[in-house]
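If you're matching them up, the sequences are chains D and C in order. Mind the numbering: the first sequence is residues 1 to 463 in this note's numbering, read in order. Mind the numbering: the second sequence is residues 1001 to 1178 in this note's numbering, read in order.
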Amino acid sequence: MLLCMDFSGEKVNILCAENKKINLRPISTTVVASFERRVESLELNVSDLGAYLRSKSGEIEEIRVSGYLENTFHKILIMPNMKSKVLKHALETEVIKAFGNDYQFKHQDLGEVPGPGNKVNRKIMTAGIKRNSLEELSQMFAGSRIKPSIVTTYPVALQTLLEKMGLLSEEPLAFVEIAHPRSRIVIFQGKEIRVTRELPLAEKEKDTDSSAIAKDIYRTLLFYTESFPNHQVAKLAIAGNSTTSEILETLRQKTGAEIIPFLPETIFPGMKEIPYIHPGCLGLALLEPGGFSFGFVPLSVQEKRKIKKTLILSSSVTLGILLIFALAISRFSLNLKNLDIYHGGIKGEIKMKEDRLKELGLEFVSHFIETSQPPWSEILLEMAAVVPPGVVFKSFSLKKVKRVWKGEVIGIAEGSDEISSLLLAEKVQNNFVQSPLFKGVKLTEKELRGKQVEFRIIYQLNM
Amino acid sequence: MGKEKVIIIGFAFLVLLLLFFGVRKIKSLQQQVREQKEHVAKSDQRLEHLRNLEESLEERRMTGKVLCRIPRAEDPIANEVLMRKFLESFLSRLGLEAEVRAEKERKSKDLPDVVMVNEVPLKIGIKNYSSYDQLMNLLKEFRNFPFAIEILTIGDTEVAVPGNLRVQLKYYVIPEGS
């Protein structure tokens, strides 16, 4: 359900369309809006708004709001052609100069206008709303589940309505809403909102022929003509539930303008059954959210949105990082688990093999002896081969020391003289060195005993 | 400080905490995976070794290449005597006059724990050693029994037993019921 609320009057005007989407289709030259299903229009005191919102809480899909007229401004500014950032800054200065620092404002570029000399200026439409007013409006929806998606001014909503009704043109048009106790007049020209004014409506007893309001409207039109000398308001659209035929007649006589009564049912079929529909609300309903420039967001809401955005972004980043870590940790954990399972399997198999090996004890011992004992016969044959004629071994030993077989031979070399004995001892050492079965061969002792040489050689088995 | 900044700082702190603990956890897991891989590799190697060993032992059993064993008794002292007597008669059959000294049976540390094996240290001193052929023959005969020679010496005195050919060796025993 789409809820459009206008706060420009004494009471809150509400338009409640059951279907959020309002379909527009052109028929000949007239744009027709068909409100599908039920449309409800009502007036409420501000104090009853909370209760109303609560009662409709479950059905509301979107809320659109137009604010008080007295706290708004609409002004056309002619600005030199400049970059958007600079323009925004210049506009801010202009607005502050004209209306003070209390307004939040938006602008719309209406195009180029010729300036003095060959200069081209830009026509900028600005609309502002008092910050306090905007916050006040926002506060009204503090307890509501749905917050307003569009907050704008009453003239902007009206402009949309008149545009859809095909009433806006390059000729100035004054729209007057006569509603007790205050009335409003807004003068449009094309896309420009040129004048907005609130008019007090005198009580009937004091102004029986409604001349006072007619005079007020007339004076406003005169003011407009003075402000824009070449433009005269030729059309006067009249709406409001306090409109009487006397007022219309008086206005026709005084202004000489064409009087167009605001009758939406003539243009929008399906509205005949609704007793009165507020033009501001109807304008709000017809607004296209992406297609207009004057949507206001209160600073507090902007702040909340920023915080929400920051929260979402920060939590997304944190969640992303958390997810990456979770994935990495689960991957490594899974790897570890798989390795544990695989290792468990291997351990089981090892246990089985060890049990089996226990049954093969004797074979195991046999295998151990075979692999740890040196090839005795080969060693003994080699030992015999390294001894040349003239040399005898006095002793021979081979001992296992920590998996290494260390040996020692003590022998006597007897040659024809001392020299040949020494050479024989050397030869024994050389034979040991050249044998592939021995390593680390050292002739540690040599002693001459007459012609004989007693020697001592140490060695290791090359296994 | 704006709420936005507070949120950003808060989340930044959270992210830092996440990074700190996450990286630490990942590093620890990586380390565990690495260690486990090393364990697995070692176990794999051991299993491969055991497979080969089992294969070789099975083959040994199938080909009937089985070692002879010296008869044993329940009593350890009787066992020592039996061992000595057996060896003396064994050597005598080879024409060698020898003195045999057997020590007490003990748990062997030479073989891995997979198989429970005891050892009996033996010292043999052969008094009538005269030729190389005798030694070759003796060593050949030893190969039929679970004997492992530790010291072999001719003409030396390192093995404390009388004789000119002295051998220190171990006899491996597989205890009953293991």
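Heads up, the beta-carbon is just placed ideally off N, CA and C, and yes, glycines get one too.
Exercise. When you compare each of C:GLN1134, C:GLU1158, C:ARG1143 to LEU381 (chain D) by their alpha carbons, which one comes out closest?
Worked result: C:GLN1134
Exercise. In chain order, what residues of the same chain lie with their CB nearer than 6 angstroms to the CB of ASN431 (chain D), ignoring the 5 residues before and after it?
Worked result: Excluding residues within five positions, the ones whose Cβ falls inside 6 angstroms are VAL386.
Problem set entry | Buried/exposed call for GLU1150 (chain C), threshold 16 Cβ in 10 Å | buried
For this session: For PHE325 (chain D), go through chain C and note every residue whose CB falls closer than 9 angstroms to its CB, in chain order.
Result: By Cβ distance, chain C contributes LEU1018, LEU1019, PHE1021, GLY1022, VAL1023, LYS1025, ILE1026.
Exercise. Which runs of the alpha helix (DSSP H) spanning at least 4 residues fall entirely within the segment 149 to 182 of chain D, listed in chain order?
Worked result: As summarised for the segment 149 to 182 of chain D, the continuous alpha helix (DSSP H) elements at least 4 residues long and confined to that stretch are 154 to 165, given in chain order.
Problem set entry | Span of the alpha helix (DSSP H), counted from its first residue to its last, around GLY1010 (chain C) | 1003 to 1062
Exercise. How about LYS353 (chain D): is its C-beta nearer than 8 angstroms to some C-beta of chain C?
Worked result: It does; some Cβ of chain C falls within 8 angstroms.
Problem set entry | Below-8 angstroms beta-carbon distance, GLN1032 (chain C) vs any chain D residue | yes
For this session: Helix, strand or coil for LEU360 (chain D), going by three-state DSSP, please let me know.
Result: coil
Exercise. Are at least three pairs of beta-carbons, each pair with one atom in the segment 140 to 150 of chain D and one in the segment 162 to 181 of chain D, less than 8 angstroms apart?
Worked result: Flag = no, the segment 140 to 150 of chain D and the segment 162 to 181 of chain D do not touch.
Exercise. Along chain C, in chain order, which residues have C-beta atoms closer than 8 angstroms to that of LEU362 (chain D)?
Worked result: VAL1066, LEU1067, ARG1069, PRO1146, ILE1174
Exercise. Taking Cβ positions only, does ARG145 (chain D) come closer than 8 angstroms to chain C?
Worked result: Look at ARG145 (chain D): its C-beta is not under 8 angstroms from any C-beta on chain C.
Exercise. Taking the alpha helix (DSSP H) that SER1092 (chain C) falls in, what are its first and last residues?
Worked result: For SER1092 (chain C), the enclosing alpha helix (DSSP H) covers residues 1076 to 1093.
Exercise. So, does the CB of GLU349 (chain D) fall closer than 8 angstroms to a CB anywhere in chain C?
Worked result: GLU349 (chain D) has a beta carbon lying within less than 8 angstroms of a beta carbon in chain C.
For this session: Would you list the one or two residues that DSSP bridges to THR196 (chain D)?
Result: D:VAL186
Exercise. Taking the C-alpha atoms as reference points, what is the distance between GLU198 (chain D) and ILE185 (chain D)?
Worked result: 6 angstroms
Exercise. Assuming ASN462 (chain D) contacts LEU443 (chain D) under a Cβ cut-off of 8 angstroms, what Cβ separation, rounded to an integer in Å, is found between them?
Worked result: Contact doesn't hold; Cβ gap of about 18 angstroms is too wide.
For this session: Flag PHE7 (chain D) as yes when its Cβ comes closer than 7 angstroms to any non-hydrogen atom of the ligand SAM, and as no otherwise.
Result: Because no ligand of any kind appears in the structure shown, any question about the ligand SAM cannot be addressed here.
Exercise. Cα separation between ARG449 (chain D) and SER377 (chain D)?
Worked result: 33 angstroms
Exercise. Under the rule that 16 or more other beta-carbon atoms within 10 Å means buried, what is LYS1170 (chain C), buried or exposed?
Worked result: buried
For this session: List the whole-angstrom C-beta distance separating GLY117 (chain D) from SER183 (chain D), where the pair is believed to meet the contact cut-off of C-beta under 8 angstroms.
Result: Contact between GLY117 (chain D) and SER183 (chain D) is absent: CB atoms are separated by about 44 angstroms, not below the 8 angstroms threshold.
Exercise. Going along chain C, which residues have a C-beta under 8 angstroms from ASN101 (chain D)?
Worked result: The premise fails here: ASN101 (chain D) is roughly 21 angstroms from chain C at the closest Cβ pair, so nothing lies under 8 angstroms.
For this session: Identify the contact partners of ASN335 (chain D) in chain C, using a Cβ-Cβ distance below 7 angstroms as the criterion.
Result: VAL1033
Exercise. Between the segment 321 to 337 of chain D and the segment 187 to 197 of chain D, do at least 3 Cβ pairs fall closer than 8 angstroms?
Worked result: At 8 angstroms Cβ cutoff, the stretches do not touch.
For this session: Give a yes or no on whether the minimum CB-CB distance between SER57 (chain D) and chain C is below 8 angstroms.
Result: It does not; no Cβ of chain C falls within 8 angstroms.
Problem set entry | 8 angstroms Cβ cutoff, LYS1003 (chain C) in contact with chain D | yes
Problem set entry | Partners in chain C for VAL387 (chain D), counting only beta-carbon separations shorter than 8 angstroms | In chain order: nothing, as chain C lies at least about 11 angstroms away.
For this session: Name the one or two DSSP bridge partners that TRP376 (chain D) has.
Result: According to DSSP, which records beta bridges pairwise, TRP376 (chain D) is partnered with nothing at all.
Problem set entry | Listed by chain order, chain D residues near SER1131 (chain C) by CB distance under 7 angstroms | Simply none; closest approach about 11 angstroms.
Problem set entry | Proximal chain C residues relative to ARG356 (chain D), where beta-carbon distance stays under 7 angstroms | GLU1054
For this session: May I ask you to list, following chain order, the residues of the segment 1094 to 1128 of chain C that have a beta carbon less than 8 angstroms from some beta carbon of chain D?
Result: For the segment 1094 to 1128 of chain C, the beta-carbon criterion of a distance under 8 angstroms to any beta-carbon of chain D is satisfied by ASP1110, LEU1111, VAL1114, VAL1115, MET1116, VAL1117.
For this session: Name the two residues that bound the continuous alpha helix (DSSP H) containing GLY283 (chain D).
Result: 279 to 286
Exercise. How many angstroms separate the CA atom of PHE105 (chain D) from the CA atom of ILE60 (chain D)?
Worked result: 28 angstroms
Exercise. Where DSSP assigns a beta bridge to VAL1120 (chain C), which residues make up the other side?
Worked result: C:TYR1171
Exercise. Are the CB atoms of GLN1168 (chain C) and LYS1107 (chain C) nearer to each other than 8 angstroms?
Worked result: no
Exercise. Going along chain C in order, which residues have a C-beta closer than 9 angstroms to the C-beta of SER372 (chain D)?
Worked result: ASP1110, ALA1148
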